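Have a look at the structure below, then the notes.
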Amino acid sequence: MKVVFFGNPEFASSSLTYLNDINDISIELVVTNPDKKSGRGLKKTMTPVKEKALSLSYKILECDNLKSNDFYQSLLKVNADLFIVVAYRFLPKKIFTLPKIGTINLHASLLPKYKGASPIQYALINGDNKTGLTTFYINEFIDCGKIITQEEIVIDDRIDFISLYKKLSKLSEKILYDTIKIIKNNLPVKQILNKLDKEIFAPKISKKDFIINWDDKSFNIHNKIRALSYSGAYTLIKGKRVKFFDTYYNCNKINNEKNGSFFLKDNILHVKCSDGYLLSKFIQVQGAKKIKASDFLNSNLKSNYFE
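Dropping the structure here:
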């Protein structure tokens, strides 16, 4: 089975590694974004998928314009049986209809829940107790094609984005193997229709999503912090950003202090929210290293509340 693989980030790089070990397919081409300048020195950086493809000696196609004729002709020449897309971009119909079998996508949620760019983050933001992976055939609508199979995973209420990302990345090995088996053996595709009261989307995370609002509930703030752990949800104190690590919440007791006020108890920072307290063992002030909450209280920031 001749395959073209599309992907960009580390999650897709892991998927490419797993696909490389499946004997039933031959990866003819890897499509990824062009190198981009980043960092202080503005050095060109390649995508994790490109790095992996180079290490596996695959032919690589980098593309900015998915609607260009050159891109179309390059894919047409492959005469592929299947396109596999993992954390890439939305493909035009002219492209995803090229392969004989079709184009499949691996999405990091239990579709139809959390269609969109940030499914892992929103599963954590909303405090879900489970999530998973879905493979499906791409059509002209975002994350709406016929589902091939799904794999479910339990979400612990202390797990953060980085840990869940790694677990789902590992789980992709099984679902990709099962998906290829289903396609190769021409097994019936089971369209899984989870009934939802309303559509639940996972749009791209914006800069404002990282700001903590202490008037929110402690449970919601805890979930925001673990969902955005890859960069860090933050608050302000004396104009400096403060990030929180190893958090939990307590809504059993509450005083009349201003939301955002804090105190130390049992070496754990307690920050007042609308219904209780956010608890945090570690803190990081902008421009400094991560420290224990007790050390934060001994710092030079003379204030007893977060903005």
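So the sequence shown is residues 243 to 549, counted in our numbering. For glycine and all other residues, C-beta sits at the position ideal for the given N, C-alpha and C. Predicted model only: the values in this text are computed from it and were never measured.
#1: Please report the straight-line C-alpha distance between residue 495 and residue 459, rounded to a whole angstrom.
#2: To test your reading of the DSSP string, which unbroken beta strand (DSSP E) runs of 3 or more residues are found completely within the segment 318 to 361?
#3: Indicate the three-state DSSP secondary structure (helix, strand or coil) for residue 528 in the structure shown.
#4: Within the same chain, show all residues whose beta-carbon is closer than 7 Å to that of residue 464, passing over the 5 residues directly before and after it, in chain order.
#5: Among the residues of its own chain, which have a CB less than 8 Å from the CB of residue 524, if the five just before and after it don't count?
#6: Below 6 Å CB to CB, which residues in the same chain sit around residue 493 once its five sequence neighbours on both sides are set aside?
#7: With H, G and I counted as helix, E and B as strand and the rest as coil, what does DSSP make of residue 461?
#8: Rank 374, 380, 469, 329 by C-alpha distance to the C-alpha of residue 345 and give the top, closest one.
#9: Around the C-beta of residue 472, are 16 or more other C-beta atoms found within 10 angstroms, so that it is buried, or is it exposed?
#10: Using C-beta distances below 6 Å, list every residue in its chain close to residue 317, excluding the 5 sequence neighbours before and after it, in chain order.
#11: When DSSP builds the beta bridges, which residues end up paired with residue 536?
#12: Nearest to residue 387 by CA position, among 257, 406, 354, is which residue?
#13: Helix, strand or coil for residue 483 per DSSP?
#14: Do three or more CB pairs link the segment 320 to 331 to the segment 250 to 267 at distances below 8 Å?
#15: Quick one: residues in its chain with C-beta nearer than 8 Å to the C-beta of residue 245, no 5 flanking neighbours on either side, listed in chain order?
#16: The alpha helix (DSSP H) that contains residue 256, what's its start and end?
#17: Determine the direct distance from the alpha carbon of residue 506 to that of residue 499, and round the result to whole angstroms.
#18: Assuming residue 291 is part of the alpha helix (DSSP H), what are its boundary residues?
#19: Residue 530: buried (16+ other C-beta within 10 angstroms of its C-beta) or exposed?
#20: Taking 8 Å as the cut-off, does the segment 398 to 414 touch the segment 351 to 369 (at least 3 CB pairs, one atom from each stretch)?
#21: Give the secondary structure of residue 416 by DSSP, where H, G and I count as helix, E and B as strand, and everything else as coil.
#22: Does residue 481 pass the burial test, meaning 16 or more other C-beta atoms within 10 Å, or should it be called exposed?
#23: What would DSSP say about residue 467, mapped onto helix, strand or coil?
#24: According to DSSP, what are the bridge partners of residue 405?
#25: For residue 392, tell me which candidate among 419, 371, 382, 408 has the shortest Cα-Cα distance.
#26: Please return the same chain residues whose Cβ sits closer than 6 Å to the Cβ of residue 428, not counting the five positions on each side in sequence.
#27: Are residue 503 and residue 476 close, meaning C-beta to C-beta below 8 Å?
#28: Since I believe residue 357 is in contact with residue 444 (beta carbons under 8 Å), could you give me their beta-carbon distance rounded to a whole number of angstroms?
So, from the listed chains and residues:
#1: Taken atom to atom, the span from the alpha-carbon of residue 495 to that of residue 459 is near 13 Å.
#2: Listed in chain order, the complete beta strand (DSSP E) runs (minimum 3 residues) inside the segment 318 to 361 are 324 to 328, 344 to 349.
#3: DSSP places residue 528 in coil when its eight states are reduced to three.
#4: Cβ within range, chain order: 489, 490, 491, 520.
#5: Result list for residue 524: 486, 487, 488, 532, 533, 534, 535, in chain order.
#6: If the five residues before and after residue 493 are omitted, its C-beta is found closer than 6 Å to the C-beta atoms of 460, 517, 518, all from its own chain and listed in chain order.
#7: Reduced to three states, the DSSP call for residue 461 is helix.
#8: The option with the nearest alpha carbon to residue 345 is 380.
#9: Burial call: exposed.
#10: Non-local C-beta neighbours of residue 317 in its own chain, meaning closer than 6 Å and more than five positions away in sequence, comprise 340, ordered along the chain.
#11: According to DSSP, residue 536 bridges with nothing at all.
#12: Per the Cα distances, 354.
#13: Residue state, collapsed to three classes: strand.
#14: Three or more beta-carbon pairs drawn from the segment 320 to 331 and the segment 250 to 267 are found closer than 8 Å, and the two stretches are therefore classed as touching.
#15: Hits under 8 Å: 261, 267, 268, 269, 270, 322, 323, 324, 325, 326.
#16: Looking at the DSSP string, the run of the alpha helix (DSSP H) that includes residue 256 is 252 to 262.
#17: C-alpha separation (whole angstroms): 14 Å.
#18: For residue 291, the enclosing alpha helix (DSSP H) covers residues 290 to 297.
#19: Residue 530 should be labelled exposed.
#20: The segment 351 to 369 makes contact with the segment 398 to 414, as at least three CB pairs between them are under 8 Å.
#21: Reduced to three states, the DSSP call for residue 416 is helix.
#22: Label assigned to residue 481: exposed.
#23: It is helical.
#24: Among the bridge pairs identified by DSSP, residue 405 is matched with none.
#25: Comparing Cα-Cα distances from residue 392 to each of 419, 371, 382, 408, the minimum goes to 419.
#26: Nothing listed; no residue qualifies.
#27: 8 Å or more divides the Cβ of residue 503 from the Cβ of residue 476.
#28: The distance from the Cβ of residue 444 to that of residue 357 is about 7 Å, consistent with a contact at the 8 Å cut-off.
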